[in-house]
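Down below is the structure, laid out as C-alpha coordinates.
Structure (C-alpha coordinates):
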(Lines of atoms letter the chains of each structure in order from A; the text may use other names.)
(Lines give C-alpha, C1' and ligand atoms only; values in the text may rest on other atoms or scores of the structure.)
Protein backbone atom coordinates (compact mmCIF):
# COMPACT_ATOMS: atom_id res chain seq x y z
CA UNK A 1 0.00 0.00 0.00
CA UNK A 2 0.99 3.62 -0.43
CA UNK A 3 1.11 4.93 3.10
CA UNK A 4 0.08 8.43 4.11
CA UNK A 5 3.14 10.35 5.30
CA UNK A 6 1.58 11.38 8.63
CA UNK A 7 1.01 8.66 11.22
CA UNK A 8 -0.28 9.79 14.64
CA UNK A 9 -0.38 7.40 17.58
CA UNK A 10 -3.12 7.69 20.20
CA UNK A 11 -4.03 5.85 23.39
CA UNK A 12 -7.81 6.02 22.96
CA UNK A 13 -10.60 5.88 20.45
CA UNK A 14 -11.62 9.36 21.63
CA UNK A 15 -8.42 10.80 20.16
CA UNK A 16 -8.99 8.89 16.94
CA UNK A 17 -12.50 10.32 16.75
CA UNK A 18 -11.01 13.82 16.92
CA UNK A 19 -8.31 13.18 14.32
CA UNK A 20 -10.14 11.35 11.55
CA UNK A 21 -12.56 14.15 10.55
CA UNK A 22 -9.53 16.38 9.92
CA UNK A 23 -8.24 14.04 7.23
CA UNK A 24 -5.95 11.60 9.06
CA UNK A 25 -5.82 8.35 7.05
CA UNK A 26 -3.32 6.25 9.01
CA UNK A 27 -3.49 6.00 12.79
CA UNK A 28 -2.21 3.69 15.53
CA UNK A 29 -3.99 2.89 18.76
CA UNK A 30 -1.50 2.12 21.52
CA UNK A 31 -3.16 1.00 24.75
CA UNK A 32 -0.92 -0.24 27.52
CA UNK A 33 -3.03 -0.46 30.68
CA UNK A 34 -6.29 -2.05 29.64
CA UNK A 35 -7.52 -5.58 29.02
CA UNK A 36 -10.63 -7.73 28.88
CA UNK A 37 -13.96 -6.32 27.76
CA UNK A 38 -12.78 -2.72 28.13
CA UNK A 39 -9.95 -3.32 25.65
CA UNK A 40 -12.28 -5.08 23.21
CA UNK A 41 -14.73 -2.17 23.36
CA UNK A 42 -11.99 0.42 22.79
CA UNK A 43 -10.44 -1.44 19.85
CA UNK A 44 -13.87 -2.12 18.35
CA UNK A 45 -14.72 1.57 18.47
CA UNK A 46 -11.37 2.52 16.94
CA UNK A 47 -11.85 -0.08 14.18
CA UNK A 48 -15.36 1.17 13.38
CA UNK A 49 -14.29 4.82 13.35
CA UNK A 50 -11.48 4.07 10.91
CA UNK A 51 -13.75 2.05 8.66
CA UNK A 52 -16.29 4.88 8.61
CA UNK A 53 -13.58 7.36 7.58
CA UNK A 54 -11.81 5.04 5.12
CA UNK A 55 -8.69 5.20 7.28
CA UNK A 56 -6.18 2.50 8.21
CA UNK A 57 -6.05 1.47 11.87
CA UNK A 58 -2.86 -0.06 13.24
CA UNK A 59 -3.25 -1.86 16.57
CA UNK A 60 -0.19 -1.81 18.81
CA UNK A 61 0.69 -5.06 20.57
CA UNK A 62 -2.77 -6.63 21.08
CA UNK A 63 -2.54 -8.88 18.03
CA UNK A 64 -4.85 -11.63 19.27
CA UNK A 65 -7.68 -9.23 20.09
CA UNK A 66 -7.09 -7.35 16.84
CA UNK A 67 -7.28 -10.60 14.91
CA UNK A 68 -10.53 -11.59 16.61
CA UNK A 69 -12.01 -8.18 15.78
CA UNK A 70 -11.04 -8.39 12.13
CA UNK A 71 -8.51 -5.56 12.29
CA UNK A 72 -6.00 -5.82 9.50
CA UNK A 73 -2.81 -4.14 10.75
CA UNK A 74 -0.60 -4.80 13.78
CA UNK A 75 2.44 -2.97 15.15
CA UNK A 76 4.86 -4.92 17.31
CA UNK A 77 7.82 -3.80 19.36
CA UNK A 78 10.81 -6.08 19.75
CA UNK A 79 9.56 -7.43 23.09
CA UNK A 80 6.17 -8.17 21.51
CA UNK A 81 7.94 -10.14 18.77
CA UNK A 82 9.22 -12.56 21.40
CA UNK A 83 5.69 -13.76 22.14
CA UNK A 84 3.63 -12.97 19.03
CA UNK A 85 2.62 -15.77 16.68
CA UNK A 86 3.85 -14.25 13.42
CA UNK A 87 2.70 -17.19 11.24
CA UNK A 88 -0.81 -16.86 12.68
CA UNK A 89 -0.78 -13.11 12.04
CA UNK A 90 0.28 -13.72 8.45
CA UNK A 91 -2.29 -16.51 7.94
CA UNK A 92 -4.96 -14.06 9.05
CA UNK A 93 -3.84 -11.72 6.26
CA UNK A 94 -2.82 -9.00 8.70
CA UNK A 95 -0.21 -6.41 7.80
CA UNK A 96 2.70 -5.91 10.17
CA UNK A 97 4.77 -2.92 11.29
CA UNK A 98 7.85 -3.38 13.46
CA UNK A 99 9.93 -1.14 15.74
CA UNK A 100 13.72 -1.08 15.41
CA UNK A 101 16.46 0.70 17.33
CA UNK A 102 19.71 -0.99 16.31
CA UNK A 103 21.19 -3.20 13.59
CA UNK A 104 20.37 -6.49 15.30
CA UNK A 105 16.72 -5.48 15.63
CA UNK A 106 16.66 -4.30 12.04
CA UNK A 107 18.03 -7.63 10.80
CA UNK A 108 15.39 -9.46 12.82
CA UNK A 109 12.64 -7.21 11.49
CA UNK A 110 13.69 -7.43 7.84
CA UNK A 111 13.70 -11.24 8.06
CA UNK A 112 9.95 -11.05 8.73
CA UNK A 113 9.25 -8.93 5.62
CA UNK A 114 7.14 -6.33 7.46
CA UNK A 115 4.89 -3.79 5.78
CA UNK A 116 6.87 -0.98 7.38
CA UNK A 117 9.84 -0.54 9.69
CA UNK A 118 9.89 2.16 12.37
CA UNK A 119 13.11 3.75 13.61
CA UNK A 120 13.25 5.68 16.83
CA UNK A 121 13.69 7.76 18.74
CA UNK A 122 15.00 10.01 15.98
CA UNK A 123 14.96 12.93 18.43
CA UNK A 124 14.70 12.80 22.23
CA UNK A 125 11.24 11.76 23.36
CA UNK A 126 9.34 12.23 26.59
CA UNK A 127 6.88 9.44 25.80
CA UNK A 128 8.76 6.64 27.51
CA UNK A 129 12.12 5.86 29.03
CA UNK A 130 14.32 4.23 26.42
CA UNK A 131 17.77 2.75 26.57
CA UNK A 132 18.56 4.16 23.13
CA UNK A 133 19.89 7.67 22.67
CA UNK A 134 18.39 9.71 19.89
CA UNK A 135 19.09 8.07 16.55
CA UNK A 136 19.47 11.26 14.52
CA UNK A 137 18.96 11.95 10.84
CA UNK A 138 22.13 10.12 9.78
CA UNK A 139 20.62 6.90 11.12
CA UNK A 140 17.41 7.62 9.19
CA UNK A 141 19.47 7.86 5.99
CA UNK A 142 21.37 4.69 6.87
CA UNK A 143 18.12 2.78 7.54
CA UNK A 144 16.75 4.09 4.23
CA UNK A 145 19.53 2.28 2.39
CA UNK A 146 19.24 -0.89 4.49
CA UNK A 147 15.45 -1.37 4.33
CA UNK A 148 15.24 -1.23 0.54
CA UNK A 149 11.67 -0.76 -0.64
CA UNK A 150 10.16 -1.28 2.82
CA UNK A 151 8.44 1.91 4.01
CA UNK A 152 10.37 3.65 6.79
CA UNK A 153 8.69 5.41 9.72
CA UNK A 154 10.54 8.06 11.74
CA UNK A 155 9.30 8.30 15.33
CA UNK A 156 10.44 10.00 18.52
CA UNK A 157 10.39 13.72 19.19
CA UNK A 158 9.04 14.49 15.72
CA UNK A 159 7.30 17.80 15.07
CA UNK A 160 5.99 19.11 11.75
CA UNK A 161 9.22 21.06 11.31
CA UNK A 162 11.37 18.03 12.07
CA UNK A 163 9.19 15.83 9.87
CA UNK A 164 10.40 17.80 6.87
CA UNK A 165 13.98 16.94 7.84
CA UNK A 166 13.08 13.28 8.38
CA UNK A 167 11.46 13.06 4.94
CA UNK A 168 14.54 14.64 3.38
CA UNK A 169 16.74 12.10 5.18
CA UNK A 170 14.77 9.21 3.71
CA UNK A 171 11.76 8.54 5.94
CA UNK A 172 8.53 7.80 4.10
CA UNK A 173 6.32 8.41 7.11
CA UNK A 174 6.61 10.54 10.23
CA UNK A 175 4.87 9.55 13.44
CA UNK A 176 3.85 11.72 16.38
CA UNK A 177 2.33 11.22 19.80
CA UNK A 178 2.89 13.93 22.39
CA UNK A 179 3.42 16.65 19.77
CA UNK A 180 -0.32 16.38 19.26
CA UNK A 181 -1.72 15.12 22.56
CA UNK A 182 0.13 17.69 24.68
CA UNK A 183 -0.51 20.56 22.27
CA UNK A 184 -2.90 23.26 23.54
CA UNK A 185 -4.77 23.03 20.20
CA UNK A 186 -4.45 19.44 18.96
CA UNK A 187 -6.77 19.95 15.99
CA UNK A 188 -4.74 22.89 14.71
CA UNK A 189 -1.56 20.88 15.20
CA UNK A 190 -2.98 17.96 13.21
CA UNK A 191 -3.89 20.32 10.37
CA UNK A 192 -0.32 21.61 10.43
CA UNK A 193 0.98 18.06 10.22
CA UNK A 194 -1.31 17.25 7.30
CA UNK A 195 -0.02 20.26 5.38
CA UNK A 196 3.60 19.26 5.93
CA UNK A 197 2.88 15.65 4.94
CA UNK A 198 0.83 16.51 1.84
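In full-length UniProt numbering, the protein residues as written are 1 to 198.
Using N, Cα and C, we set each Cβ at its ideal position, and we do this for glycine too.
Note that this is a predicted model, so its numbers are computed, not measured.
Note to self: For the segment 177–193 against the segment 135–149, do three or more pairs of beta-carbon atoms, one drawn from each stretch, fall closer than 8 angstroms, so that the two count as touching?
What the structure shows: no
Item checked: Three-pair Cβ contact test at 8 angstroms for the segment 17–24 versus the segment 49–64 -> yes
Check: When DSSP labels each residue in this structure, what does residue 159 get in the three-state scheme?
Finding: coil
Checklist line | Other residues of its chain near residue 134: CB distance less than 6 angstroms, five sequence neighbours each side excluded | finding: 121, 123, 124
Notebook entry, point to check: Going along the chain, which residues of its own chain have a beta-carbon closer than 8 angstroms to the beta-carbon of residue 140, five neighbours each way excluded?
Noted result: 119, 122, 152, 154, 166, 169, 170, 171
Next item on the list: Check the C-beta distance from residue 246 over to residue 95 and give it rounded, since I have them as a contact under 8 angstroms.
Entry: In the structure as shown, the chain starts at 1 and stops at 198, and residue 246 therefore has no counterpart that could be examined.
Check: Quick one: is residue 159 buried, meaning 16 or more other Cβ sit within 10 Å of its Cβ, or exposed?
Finding: buried
Margin query: Excluding the 5 residues flanking residue 174 on each side, which residues of the same chain have their C-beta closer than 6 angstroms to its C-beta?
Written below: 154, 158, 163, 166
Checklist line | Alpha-carbon to alpha-carbon, residue 191 and residue 198 | finding: 10 angstroms
Item checked: Rounded straight-line distance, which links the Cα of residue 93 to that of residue 48 -> 19 angstroms
Next item on the list: Report the rounded CA-to-CA distance for residue 193 versus residue 136, giving the unit in angstroms.
Entry: 20 angstroms
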